[in-house]
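As structure tokens, the structure follows; a few thoughts come after it.
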Amino acid sequence: MSKKDIYESPDYYLADELLSEEHKLIRASVRDWVKKEVSPIIEDYAQRAEFPKHLIKGLGEIGAFGPTIPVEYGGAGLDYMAYGIIMQEIERGDSGIRSTASVQGSLVMYPIYAYGSEEQKQKYLPKLATGELMGCFGLTEPDQGSDPGGMTTNFKDAGDHYVLNGAKMWISNSPFADIAIVWAKNEAGKIHGLIVERGMEGFTTPETHNKWSLRASSTGELVFDNVKIPKENLLPNVSGLKGPLGCLNQARYGIAWGALGAAMDCYDTALRYSKERKQFGKAIGGFQLQQKKLAEMITEITKGQLLVWRLGTLKNENRATPAQISMSKRNSVETALNIARDARQMLGGMGITGEYPIMRHMMNLESVVTYEGTHDIHLLITGMDVTGLEAFK
């Protein structure tokens, strides 16, 4: 039986005063939706390793798909602070559901909007915004993760169309996606984006099973066996790695906010439990070691809240650098993982059960710490930024 979601977000430094009334209204709307639609069912879907497809329509209705995309293309026309807040509230519910929204908005709608033709924008964006069409993003390959420039997926000019061959791996949404934004090399070795549609002959999307993480998210592969791609499906306004990396910056920004949502849910759960659980004649929240854990949790959450707020301000002013986004993504995920582990200990044996969300968050975060740039790679991005020296090679 599902428990009532009584989550209250922590705001130790009164960071809410930094938000506009519109931002608070958006947050309240998304939070109410998560409490009503996600929290009651998410543990069951995670246990069964099944993506709750019925949530897609609601995600579209709350503006979770491409919230910063202009209204004329079906988006909500919101700013980046609103985008971050939406991702934070959804990931407070579950990282896998936020992943679905992140992929749709940052990795499918954004490249079509930023790099696509007017015809492509008109054809795809309005339907992607509502969830009538769902998309995925093909960059990572079986042998190429942190070094996407080494990709082997390729396409050749065949006159009136292109022929695409190769494979992508660890692709969120792929098993049910209607379109895929696929990055591949042309005959000259230059990377371009292609819109691949389900139903194209030779295009398959095998599902990935036996995951212990993101169990309520659908993950799979993209396999291309001489797939004929119409030439009008090439994204015309970008070439090279800056195309996919520009998309990843959008997604990483959302994760910086989102992972803090998972951290806040674990903290709120542990704080509430510490006041209710009694040992040795008193609530465990009255013991020094438990207070130490809670004090450190709220300190790190507060630091993270201020970091993402400042990042959102810079993003709205078009001044946020990729390195700044990397720092915030890495900090938020590390914060969330540490808080999830401490919170799990505070709940003892109950912490590993589905009666509480902590173990699910912890397992999910083990994926979030790796995807959209691994924890180590983001560290090296900061290192390169401050020294001017590249340590990748």
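With this note's numbering applied, the sequence shown covers 22 to 414. Every residue, glycine too, gets a C-beta built ideally from N, C-alpha and C.
Asked	Found
Straight-line Cα distance separating THR173 from LYS25	49 Å
GLY95 versus GLU82, MET318, ILE373, residue with shortest Cα-Cα distance	GLU82
Close beta carbons around MET318, own chain, < 6 Å, minus the five adjacent residues each side	TYR288, ILE360
Cα-Cα separation between THR416 and ILE346, rounded to whole angstroms	Look at the range of the chain in this structure, 22 to 414, and you will see that residue 416 is not part of it.
Cβ pair THR395, SER167 closer than 8 Å	yes
8 Å Cβ shell around GLN68 - same chain, five flanking residues per side excluded	ARG236, GLY375
Beta-carbon proximity list for LYS296, same chain, < 7 Å, skipping 5 on both sides	ALA304, GLY306
CB contact flag (MET285, SER30, <8 Å)	yes
Local Cβ density within 10 Å of GLN125, reported as buried at 16 or more and exposed below that	buried
Secondary structure of THR290, DSSP reduced to three states	helix
Neighbour-count burial assignment, MET22, 16 or more Cβ in a 10 Å radius	With a pLDDT of 42 at MET22, under the threshold of 50, the predicted position of this residue should be treated as unreliable, though the coordinate-derived value follows. Classification for MET22: exposed.
Local conformation of ALA412 per DSSP, three classes	coil
Proximity to SER388 [Cα-Cα], best of ILE192, GLY159, LEU310, SER50	ILE192
THR229 (DSSP reduced to helix, strand or coil)	coil
Endpoints, the alpha helix (DSSP H) within which VAL354 is located	343 to 367
Sequence-distant residues of its chain with Cβ nearer than 7 Å to GLY404 (five each side left out)	ALA412
Environment of PRO88 [buried if 16+ CB atoms lie within 10 Å]	buried
Where the alpha helix (DSSP H) through SER123 begins and ends	116 to 123
Within 8 Å, strictly: CB atoms of ASP199 and MET155	yes
DSSP three-state assignment for GLN143, whether helix, strand or coil	helix
Alpha helix (DSSP H) segment containing HIS382, residue limits	379 to 389
C-beta contact flag for SER195 and GLU242 at 8 Å	yes
Sequence-distant residues of the same chain with beta carbon closer than 8 Å to MET221, five excluded per side	VAL248, LYS249, ILE250
Contact set for LEU328: own chain, Cβ-Cβ below 7 Å, skip 5 residues either direction	SER349, ASN352
Sheet register partners of TRP159 (DSSP bridge)	Note that residue 159 corresponds to Gly in the displayed sequence, not to Trp. BP columns for GLY159 point to VAL203.
Reference ILE216; option with closest CA among THR225, GLY210, ALA201	ALA201
Exposure of TYR66, with buried meaning 16 or more beta-carbon neighbours within 10 Å	buried
Whole-angstrom distance between GLU43 and TYR274, CA atom to CA atom	20 Å
Same chain, Cβ closer than 7 Å to GLY98, five either side skipped, listed in chain order	PRO91, VAL92
N-terminal and C-terminal residue of the alpha helix (DSSP H) that ALA49 is part of	42 to 54
GLY81 - containing alpha helix (DSSP H), residue span	76 to 82
Helix, strand or coil at ILE27 [DSSP, three-state]	coil
Assigned secondary structure, SER238 (DSSP; H/G/I helix, E/B strand, else coil)	coil
Beta-carbon gap between ALA364 and GLY372 smaller than 8 Å	yes
Residue of GLU110, MET102, GLU71 minimising C-alpha distance to ASN337	MET102
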